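In this note's numbering, the protein residues as written are 62 to 230.
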């Protein structure tokens, strides 16, 4: 029994050790409602990041520009804390952004600018989405908003998407 407890502790400790440390960065570009570019405060290359646990409308989809603009108004040019969980198939870091103590991913969902990812009906932001739906905020003012994955299946990628908003001139 002790050996099993030790093994479980060791596995958990190694998983925590593999997680990169959060870092501070300035948001230099907002591409859409769930994708940003940052410049790490410690220097180095810009990083393209995908916000974890959410899915904002495609930029050419109803609500897409509003989501991008809301995210840009909130963080563009600002210092944020980046907590990276993984990388996606496109090499983007999958992250949680925190600004002035606020979880920006949660804020986007609870304000009605994005859907919460759900795994077996649960996820870190499902309660925020439920509240946005109940209060008919943002996307959820529409009776049947179309999730981005369904929009992409039906329409494919956006042709000629608008340029990203940039803090860099």
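Yeah, the Cβ is synthetic: ideal placement off N, Cα and C, and Gly gets one too. Treat the numbers as computed from the prediction; the structure is a model and nothing was measured.
### Query
alpha helix (DSSP H) containing residue 189: first to last residue?
187-195
### Query
What number of angstroms, rounded off, separates the C-alpha of residue 132 from the C-alpha of residue 139?
11 Å
### Task
Could I get the ranges of all uninterrupted alpha helix (DSSP H) runs contained in the region 78-158, with 4 residues as the minimum, in chain order?
125-136
### Task
Inspect the CB distances between the region 100-120 and the region 147-154 and report whether three or more fall short of 8 Å.
The region 100-120 vs the region 147-154: in contact.
### Message
For residue 163, list the residues DSSP reports as bridge partners.
### Response
160
### Within 8 Å, strictly: CB atoms of residue 166 and residue 94
No, Cβ-Cβ distance for residue 166 and residue 94 is not below 8 Å.
### Query
Quick one: what does DSSP say residue 175 is sitting in, helix, strand or coil?
The three-state reading of DSSP puts residue 175 in coil, since its state is none of H, G, I, E or B.
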